[in-house]
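Novice: Residue numbers (our numbering): 677 to 924. Here it is: the structure, laid out below.
This is how it looks when you write it as structure tokens:
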């Protein structure tokens, strides 16, 4: 595959990018920190088959600055000679308490995690469909499956993103666009550092393997770790009066 990857420098994104590099997929990295991008590119280069993977190029792309999306994808197109896969793992996270105490942070998170992520995906969707299709894999969250007290605001952004990705699958699958909506549960990354993990917390490498399998199969929705599919199935059916009483 020829993959444009936004968010490969940390956590689950880094673990997934390493799997892609190790099996020989060609990568173009996008991110907002040039130094982190350069370090990640060097790491992925070394992980290529036999350590001989071609130099991995990268370009600046900040989800907070949508005016740069088109130029970033142009750079990826030029470097890869066209791409067939776009992966988006980048995004913002803050706890409900942090967001309630800081409306500027709330606005930034809602814009980045929903509106600007959708705009980036629209840029990618148009390019993929123009060349006959491809794969758009985007990380949403189980937080978007049901409104819950600990993730009122973050969950609202992810609910919108998940709804958008499902709509893309309905409308464009027949035209060759394979949309993969990834719904991670609690995963032990820098994003969740300091939070108490539940008994079924996942590790980035295991999540990445599950996501890569979904990309290869074109599966429209994947929960990672897989147990979250069962957990959220129960949560979605709980009556509202129960949801008001529990902390989950």
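For glycine and all other residues, C-beta sits at the position ideal for the given N, C-alpha and C.
By the 10 Å Cβ neighbour count, where 16 or more other Cβ atoms means buried, how is residue 910 classified, buried or exposed?
Specialist: Here residue 910 is taken as the residue at index 234 of the chain shown, counted from 1. It counts as exposed.
Novice: Please report the straight-line C-alpha distance between residue 756 and residue 704, rounded to a whole angstrom.
Specialist: The residue given as residue 756 occupies position 80 in the chain shown. The residue given as residue 704 occupies position 28 in the chain shown. Taking the straight line joining both Cα atoms gives about 7 Å.
Novice: Taking the Cβ atom as the reference point for each residue, do residue 735 and residue 714 lie within a distance shorter than 7 Å?
Specialist: Taking the chain shown and counting its residues from 1, the one referred to as residue 735 is at position 59. Taking the chain shown and counting its residues from 1, the one referred to as residue 714 is at position 38. Contact flag unset, no.
Novice: Note down the Cα distance separating residue 818 from residue 807, rounded to an integer number of angstroms.
Specialist: For the purposes of this step, residue 818 is identified with residue 142 of the chain shown, where counting begins at 1. For the purposes of this step, residue 807 is identified with residue 131 of the chain shown, where counting begins at 1. Computed Cα separation, rounded: 32 Å.
Novice: Starting from residue 797, trace the alpha helix (DSSP H) in both directions and tell me its first and last residue.
Specialist: Along the chain shown, read from residue 1 onward, the residue named residue 797 stands at position 121. Its alpha helix (DSSP H) spans residues 793-806.
Novice: For residue 891 versus residue 797, is the C-beta spacing smaller than 7 Å?
Specialist: As a position in the chain shown, residue 891 is number 215, starting the count at 1. As a position in the chain shown, residue 797 is number 121, starting the count at 1. No, the pair does not count as a contact, with Cβ atoms beyond the cut-off.
Novice: Using only the alpha-carbon positions, how far apart do residue 916 and residue 680 sit?
Specialist: Locating residue 916 in the chain shown gives position 240, counting from the first residue. Locating residue 680 in the chain shown gives position 4, counting from the first residue. Cα to Cα, the separation comes out at about 41 Å.
Novice: Looking at the unbroken alpha helix (DSSP H) that takes in residue 828, where does it start and where does it end?
Specialist: Residue numbering aside, residue 828 sits at position 152 when the chain shown is read from its first letter. First-last of the alpha helix (DSSP H) with residue 828: 828-848.
Novice: Tell whether a beta-carbon distance below 7 Å holds between residue 940 and residue 765.
Specialist: With the chain covering only 677 through 924, there is no way to say anything about residue 940.
Novice: In terms of DSSP beta bridges, what is residue 897 paired with?
Specialist: The residue you call residue 897 lines up with position 221 of the chain shown. Its beta-bridge partners are 857.
Novice: Please look up how many angstroms separate the CB atoms of residue 694 and residue 723, rounded, as I've assumed it's under 8 Å.
Specialist: Translated into positions along the chain shown, residue 694 becomes position 18. Translated into positions along the chain shown, residue 723 becomes position 47. Indeed they touch by this definition, with Cβ atoms about 6 Å apart.
Novice: Any idea what DSSP makes of residue 790, helix, strand or coil?
Specialist: In the chain shown, counting from the first residue as 1, residue 790 sits at position 114. Residue 790 falls in the helix class under three-state DSSP.
Novice: Which one of 677, 712, 701 has the shortest CA to CA distance from residue 684?
Specialist: Taking the first residue of the chain shown as 1, we reach residue 684 at position 8. Out of 677, 712, 701, 712 has the C-alpha closest to the C-alpha of residue 684.
Novice: How long is the line joining the alpha carbons of residue 899 and residue 860, rounded to whole angstroms?
Specialist: In the chain shown, counting from the first residue as 1, residue 899 sits at position 223. In the chain shown, counting from the first residue as 1, residue 860 sits at position 184. Cα to Cα, the separation comes out at about 6 Å.
Novice: What is the rounded straight-line gap between the Cα of residue 700 and the Cα of residue 810?
Specialist: Counted from its first residue, the chain shown places residue 700 at position 24. Counted from its first residue, the chain shown places residue 810 at position 134. Taking the straight line from one Cα to the other gives about 18 Å.
Novice: Should residue 889 be labelled buried (16 or more other beta-carbon atoms within 10 Å of its own) or exposed?
Specialist: For the purposes of this step, residue 889 is taken as residue 213 along the chain shown, with counting starting at 1. Answer is exposed; the Cβ neighbour count stays below 16.
Novice: Can you tell me whether residue 782 is helix, strand or coil according to DSSP?
Specialist: Working through the chain shown from its first residue, we reach residue 782 at position 106. Note: residue 782 maps to helix in three-state DSSP.
Novice: Using a 10 Å radius around the Cβ and a threshold of 16 neighbouring Cβ atoms, would you call residue 834 buried or exposed?
Specialist: Along the chain shown, read from residue 1 onward, the residue named residue 834 stands at position 158. Buried, since its Cβ has 16 or more Cβ neighbours within 10 Å.
Novice: Roughly how many whole angstroms lie between the Cα atoms of residue 718 and residue 913?
Specialist: Walking along the chain shown from the start, residue 718 turns up at place 42. Walking along the chain shown from the start, residue 913 turns up at place 237. Spanning the two alpha carbons is a distance of roughly 46 Å.
Novice: Have a look at the DSSP bridge pairing and note the partners of residue 702.
Specialist: Within the chain shown, the letter at position 26 stands for residue 702. 678, per the DSSP bridge assignment.
Novice: Can you round the beta-carbon distance between residue 831 and residue 820 to whole angstroms, since I take them to be within the 8 Å contact cut?
Specialist: Taking the chain shown and counting its residues from 1, the one referred to as residue 831 is at position 155. Taking the chain shown and counting its residues from 1, the one referred to as residue 820 is at position 144. Right, their Cβ atoms sit about 6 Å apart.
Novice: Does residue 697 pass the burial test, meaning 16 or more other C-beta atoms within 10 Å, or should it be called exposed?
Specialist: Stepping through the chain shown from its first residue, residue 697 is reached at position 21. The residue is buried, with at least 16 neighbouring Cβ atoms inside 10 Å.
Novice: Could you check where the alpha helix (DSSP H) with residue 746 kicks off and where it finishes?
Specialist: For the purposes of this step, residue 746 is identified with residue 70 of the chain shown, where counting begins at 1. Unbroken alpha helix (DSSP H) run through residue 746: 745-756.
Novice: Counting along the chain, where does the beta strand (DSSP E) carrying residue 917 start and finish?
Specialist: To locate residue 917, count along the chain shown from 1; it is residue 241. That residue, residue 917, is in no beta strand (DSSP E); its alpha helix (DSSP H) goes 916-921.
Novice: Mind checking which residues open and close the beta strand (DSSP E) that includes residue 816?
Specialist: The residue given as residue 816 occupies position 140 in the chain shown. Where residue 816 is concerned, there is no enclosing beta strand (DSSP E), given that its DSSP letter is neither H nor E.
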